[in-house]
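Take a look at the structure below.
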Amino acid sequence: MAPVSIDNGLMVAWALFVLGFIGVLVRRDLVFVLMSIEVMLNAAGLAFILAGAKWGKPDGQVMFIFILATAAAEVALGLGLVLRFHHKFKTLDTDAASKMRG
Amino acid sequence: MLALLIAALLAGGLLAWMAGRVKPLYARLVSLASLAAAAALWAVTFALNISSLGKGQFISGFKAAWIPQIGVNIHFAADGLSMAFVALTIVLGVVAVFSSWSEIEERTGFFHFNLMWVLAGVAGVFLSFDMFLFYFFWEMMLIPMYFLIAVWGHEKKTYASIKFFIFTQASGLLMLMSILALFYFHGRATGNFTFDYFTLLADKAKPYFGAGTAFIVMLGFFTAFAVKLPAFPFHSWLPDAHTEAPTAGSIVLAGLLLKTGGYGLIRFVLPFFPDASARFAPVALALGVAGVLYGAVLAFAQQDLKRLIADTSISHMGFVLIGIYALNPVALNGAFIEMIAHGISTGMLFFIAGTLAGRVGTRDMSRMSKAANGLPLWSVMPRLGSVGIIFALASMGLPGTGNFVGEFLALLGAFASSPVIAITGSLGLIAATAYSLRMIRKAFFEGSKPTEPAGVRITDFNAREAAVSAVMILAIVWLGVYPQPVINTAGPVLARLIPTSASAAPGRQAGYIPGGGAVQPCHNFTKCSLKTTPSGFAAVFGKGTKWAPGN
Amino acid sequence: MENLFFLIPALPILGFIALALFGRRMSAGAIRTMGVGSIGFSLLCALASAGQFLNAFQAGRPWVQTLWQWFAVPGLAVSVSLKLDSLSLIMALVVVFVSFLIHVYSAWYMDGDEEYGRFFAWMNLFTGAMLTLVLAGDILLLYLGWEGVGLCSYLLIGFWYKEPANARAAIKAFIVTRVGDTAFLIGLFLIALKTGTLDIAQASTSIGAMKASGLPTLIAMLLLGGAVGKSAQLPLQTWLPDAMAGPTPVSALIHAATMVTAGVYLIARMNAFFVLSPVAMEAVAAIGALTLFLAAVSALFQTDIKRMLAYSTMSQIGYMFLGLGVGAWSASLFHFMTHAFFKALLFMSAGVIIKAMHEEHDIFKIRKKLLSGTAFPVPPIAFWSFLTGGAALAALPFITSGAYSKDMIISGAWTSGHVWVWALALAGSFLTGLYTFRVFFTVFAGTGQSVYSFGGKRNLLVLIPLAVLSVFSVVAGYIKSNIIPFLGMVLPAVAPVKGEPFIVYIAPMLLPLIGIALAWLLYSPRAKATALKAWAEAAPLSGFFLRGWDFDRLYDFLIIRPYKFAGRLIQTDPVDLIYSLIAVISGLFHFVLGTSQTGKIRLYAALIGIGTAIIITWAVLF
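Chains as they are written, first to last, in the working numbering: chain C, 1 to 102; chain S, 1001 to 1551; chain B, 2001 to 2622.
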């Protein structure tokens, strides 16, 4: 199996990141926003792994594990917030929580 | 001793807070007790060092390292100037406690905590001889003062307190930068990084920064002190703060906080920056005159009694600025006496305004007589009226009161430096007559149409208030007819703090003030006059008048 | 007595302190005893001092007493010191003597006033301040007395404060005189600066060494500024007529003993400065001549008896200034003395009439009341006193004291060569006779003796002062030959530059008689010249003269209104606008940035993304 070229891999990571970002921007549902953030995190993780493979160093994989841990924590907290959010606003529309406007 | 004095006030504040939770009266008694302790400490210090004070020497006080890495020490000391101002602090502190006796009903303990900590901060300012410590106390007196206005003030208290805080804080930061500049330049030149006042002053002989830098650093100090004084364009916080503050707050503000500005100018600006001060003096003198006249006209136009008194402070502090920047011992003594006398007279005017407003329920002079059912207030409260008249007359500089001695000496000294300034400043005395008499008439002698059949019963001064007034009347008259002991206490110090003519290097005179020369400092004012500035005598009286060569 | 003459000013001041502290709790009798007694003892001290001083008359040595060091700063030491020489002795004696009689009279006049104690406290302070002024050996102490006199005039003119007009007059008196005082103060600065002392004797000596310079002129002009304010001379004369708002004893005190004569005393005391400056002397003479004439014309048109007396005082002080200016120093002080007697007499007798008429001041209404008998009867002593005082004021020759002193001044004006000043003085002399007897005839002529009888209690308190002053108004002129050389020990003498022809000698004696005769023709009940009188009363300028040549309107327009306008203009402190502007700008920023805070999380995310993209692009490209 021919090794994946780093450029192609980064293209995939970039695409994933952009897709995730677009998801954050266009979805109003809080759960989907969280999922999109997961996609973005994973895109970053992919980029780390690629870089680690390129330089032959373990640091990239170490970072990926960190990201995994962060993502897990984020989901745990995020879902808790989603529950509170739904309890308070009776909706999951992020625009409903705009009390901090200036 | 000196550290204990400040500690007594700080501890008194804390104890008063706690005591106030039990019973409001205890907070008042604890405050009085701590002031009495401070007074006792002051008296002992004064008595032990009376001979060295008379010679203008320092009483060395407490000294300990605070942050040795950057040369910060806790260093309290005192000379005659400091001792006089600390005495004023304690006396006005007592007046402030008495003035709030029946006025402050809510959170009495916390009120007295703030009051005592302001007093401690003020005393700290007068006694600190480490620049860092000085700045610490300078800021420390602001915060309790802010609370005094913001919590116990009148209608526009929030606006006034924030305005007061921003003005003083912003100008304080300018001073901090100047202190740091002093620290840095001195350290770089001598290798000794220190905030110690005496070291910084002693090394002035080997100038550690050039004339231009010195001028800018001087401006930083000047701005902070001019805002506090307040000098003319920086005065606008004062009427609001004084008007909205509770009576005790107004007394402390007018009587003490303003004096820290004058004290700073005398203690730091003149000795640290002799050349720059001499060059800047024409501007400062002009600002002083502007303040004298502007404050007087402003006071004349007010209806609110407290605002009127506040505006007169602007006018009086103009005389102080003139006295300081005339740069000779006569004027400087005048500025000093004026500050002490103003502390007493204006403090008492606020005391009267507070007690009066508390009785008649308004600060508007044209509505005051309504509370007495249209009768002029004089006819229902002659004692309060008499005290009011006496201090209003002191405020217009009537001979026989301390204010006259102060204004006379300040203007006389200014005459030696710049006759134009002195003559214009003298017009302030006429304007002072106008506003004082208007105040007396409006507040005490003017009736109005009776409104309702039965007015509120108005009471005259009670024994406590009358006793405070009597002591303060004695004080202001004593300053007016025999101020020599006070002059002897601070005079030698003041003479030393005036820049010597030699250090105001000639040749560097021109420059920073376009079109204006410098004021020549001089130590014997009859000898030094008339060779001053181009805007001196000749400009006023023309060349036709021939002057006898310096008699 | 040499070490005790400080009691002369100290006793009245102590009386003031005692009355101020305890006057409210004292009975009327105690107040009376205290108030009059303090002045009485002061008078005894003054008499004792005078006796002892006169024993050493030949020596001419002044008594100097330094009480304490007032203040000393590098370059200037001021002490509270008193000085008694022939000038201050005469002045102090007259002040305390007349003041004592006025106090006695006040005990009757103010009897029953609800603030009897306050009145006597302030009267005592007034006398004490004037005596301090007179006896001061230091210019700054003199200034203290000077301001104290101004203060007391303010307090007493506004004594009946419930009337707003009184309060206004009081404030006006203080502020106008304070304008002059400020000039005086600047003069003090110059003296202190150029001579290094404020001791009168030392300063006078060292100024003598500066003959050639313009300095004495400048100082003398500034002192003159102070003098015209206190003495109600042009251009600061406007306060005096309004000062009539005070109770009549106060008017008597202001006009006869204290206050207005302070200016004359100041110039006499500081004569060393004036003799060095011909310019200043001419100015003094010119101000005196103009004031005496202007005031005499105004007096002619007054209907208020007290205002007529006020303008007459202004006019008589004008004579004193004139005398000082032309070098007739001793004559001026002599005129001050005789004036003090007869003016106090006039005011007190006018006070009796006014009180009998229920505070009616208008001379025509007084006459109407007298004729219709609707008022209290007027005591005969008032009639005789007013006649004696009026005759002295009009300078009826040979018999009245006013004639001796005034004629000396007028002849001094001639012999020193001031012809136009002399002419104005003569015109004033004629007008004085006219206006004084215009009032006298209007009030009393033909009303008959029947309306006169004495009512009320404590008669002696009125009778004694009026009788004593009537005697003095006549006999004071006869001590001319004693008093002129006595004053000459201190005051300079000026040699005459031209002789006095007979017509010049006789004119000041004849003109008052002509004036009185004209007054009889115009204002007696059987007046023949009614047409002339009607013309004079309706003259187009009569209102202008009635209002004292409209100086009030002028100053109102030039100074008071602009000042009040300035006050209104800056009432809310325009400088504060600068700081408000800073606050507004901060608020604007707050608004702009605040609007971008929508609270929409997706917008924030988008902005983060865009920002990141821009930064990365920028970092990569550059």
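The C-beta atom is built at its ideal place from N, Cα and C for all residues, glycine as well. Everything numeric in this text was worked out from a predicted model, so none of it was measured.
Does the separation of the CB atoms of residue i and residue j fall below 8 Å?
{"i": "VAL1289 of chain S", "j": "THR1433 of chain S", "result": "no"}
{"i": "THR1089 of chain S", "j": "LEU1119 of chain S", "result": "yes"}
{"i": "GLY2148 of chain B", "j": "ALA2129 of chain B", "result": "yes"}
{"i": "ILE2317 of chain B", "j": "VAL2352 of chain B", "result": "no"}
{"i": "SER2330 of chain B", "j": "GLY2515 of chain B", "result": "no"}
{"i": "GLY1220 of chain S", "j": "PHE1110 of chain S", "result": "no"}
{"i": "SER1161 of chain S", "j": "ILE1179 of chain S", "result": "no"}
{"i": "GLY1347 of chain S", "j": "ALA1254 of chain S", "result": "yes"}
{"i": "GLY1385 of chain S", "j": "LEU1375 of chain S", "result": "no"}
{"i": "ILE2287 of chain B", "j": "PHE2334 of chain B", "result": "no"}
{"i": "SER1418 of chain S", "j": "LEU1285 of chain S", "result": "yes"}
{"i": "VAL1320 of chain S", "j": "GLY1262 of chain S", "result": "yes"}
Against chain S, does residue i count as a neighbour if the rule is that its beta carbon must be under 8 Å from one of theirs?
{"i": "ILE2573 of chain B", "result": "Reading off the sequence shown, one finds Asp at residue 2573 of chain B, where the question assumed Ile. Judged by the 8 Å Cβ criterion, ASP2573 of chain B is in contact with chain S."}
{"i": "VAL2584 of chain B", "result": "no"}
{"i": "ALA2072 of chain B", "result": "yes"}
{"i": "ALA2262 of chain B", "result": "no"}
Are the C-beta atoms of residue i and some chain C residue less than 8 Å apart?
{"i": "THR2602 of chain B", "result": "Before going further, note that residue 2602 of chain B is Arg rather than Thr in the sequence given. Yes, ARG2602 of chain B lies at the interface with chain C (some Cβ there is under 8 Å from its Cβ)."}
{"i": "GLY2609 of chain B", "result": "yes"}
{"i": "THR2617 of chain B", "result": "no"}
{"i": "ALA2613 of chain B", "result": "no"}
{"i": "ALA2167 of chain B", "result": "no"}
Please confirm whether residue i has its beta-carbon closer than 8 Å to some beta-carbon of chain B.
{"i": "ASN1551 of chain S", "result": "Low confidence applies to ASN1551 of chain S: its pLDDT is 30, below 50, so where it sits in the model is not reliable, and the reading given next is rough at best. So, interface residue."}
{"i": "PRO1068 of chain S", "result": "no"}
{"i": "ALA1539 of chain S", "result": "Low confidence applies here, because ALA1539 of chain S scores a pLDDT of 37, under 50, leaving its location unreliable; read the following figure in that light. No, ALA1539 of chain S lies away from the interface with chain B (no Cβ there is under 8 Å from its Cβ)."}
{"i": "SER5 of chain C", "result": "no"}
{"i": "PHE21 of chain C", "result": "yes"}
{"i": "THR94 of chain C", "result": "yes"}
{"i": "VAL1169 of chain S", "result": "Position check: residue 1169 of chain S holds Gln in this sequence, whereas Val was assumed. For GLN1169 of chain S, the answer is no, since every Cβ of chain B falls outside 8 Å of its Cβ."}
{"i": "VAL1297 of chain S", "result": "yes"}
{"i": "GLY1511 of chain S", "result": "Only weak support is given to the placement of GLY1511 of chain S: the predicted model assigns it a pLDDT of 33, under 50, and the value that follows is read from those uncertain coordinates. No, no contact with chain B."}
{"i": "THR1532 of chain S", "result": "In this prediction, THR1532 of chain S has a pLDDT of 39, which is less than 50 and means its spatial position is unreliable; what the coordinates show is noted afterwards. By this cut-off, THR1532 of chain S is not an interface position."}
{"i": "ASN1333 of chain S", "result": "yes"}
{"i": "LEU1010 of chain S", "result": "no"}
What are the boundary residues of the alpha helix (DSSP H) that residue i is part of?
{"i": "ILE1074 of chain S", "result": "Unbroken run through ILE1074 of chain S is the beta strand (DSSP E), 1072-1078; no alpha helix (DSSP H)."}
{"i": "TRP2146 of chain B", "result": "2139-2157"}
{"i": "THR1243 of chain S", "result": "1237-1244"}
{"i": "LEU2491 of chain B", "result": "It is not in any alpha helix (DSSP H) - LEU2491 of chain B carries neither H nor E in the DSSP assignment."}
{"i": "VAL2073 of chain B", "result": "It is not in any alpha helix (DSSP H) - VAL2073 of chain B instead sits in the beta strand (DSSP E) that spans 2063-2073."}
{"i": "PHE2383 of chain B", "result": "2380-2393"}
{"i": "TRP2122 of chain B", "result": "2116-2135"}
{"i": "PRO2278 of chain B", "result": "2278-2300"}
{"i": "GLY1020 of chain S", "result": "1002-1022"}
Considering just the uninterrupted stretch of the beta strand (DSSP E) at residue i, what are its terminal residues?
{"i": "ILE1067 of chain S", "result": "1059-1067"}
{"i": "ALA2077 of chain B", "result": "2076-2084"}
Handout entry: Segment contact, 8 Å Cβ cut-off, at least three pairs: the region 2275-2295 of chain B with the region 2122-2135 of chain B
Key = no
Handout entry: Contact the region 1249-1265 of chain S vs the region 1189-1199 of chain S: 3+ CB pairs below 8 Å
Key = no
Exercise for the section: Please determine if the region 2020-2035 of chain B and the region 2074-2082 of chain B are in contact, where contact requires at least 3 C-beta pairs separated by less than 8 Å. Expected result: no
Problem - Whole alpha helix (DSSP H) elements within the region 2159-2206 of chain B, 4-residue minimum - result: 2164-2195
Practice task
Kindly confirm or deny that the region 2376-2393 of chain B and the region 2332-2349 of chain B touch, where touching means at least three C-beta pairs closer than 8 Å.
Solution key: yes
Problem - Complete runs of the alpha helix (DSSP H) confined to the region 1271-1351 of chain S [at least 4 residues] - result: 1274-1300 and 1305-1325
Practice task
Count the C-beta pairs between the region 1231-1242 of chain S and the region 1304-1322 of chain S that are closer than 8 Å, then say yes if the count reaches three, no if not.
Solution key: yes
Handout entry: Secondary structure, alpha helix (DSSP H): runs of 4+ residues fully inside the region 2289-2366 of chain B
Key = 2305-2326 and 2329-2356
Problem - Touching by the beta-carbon criterion (3+ pairs, under 8 Å), the region 1263-1274 of chain S and the region 1295-1303 of chain S - result: no
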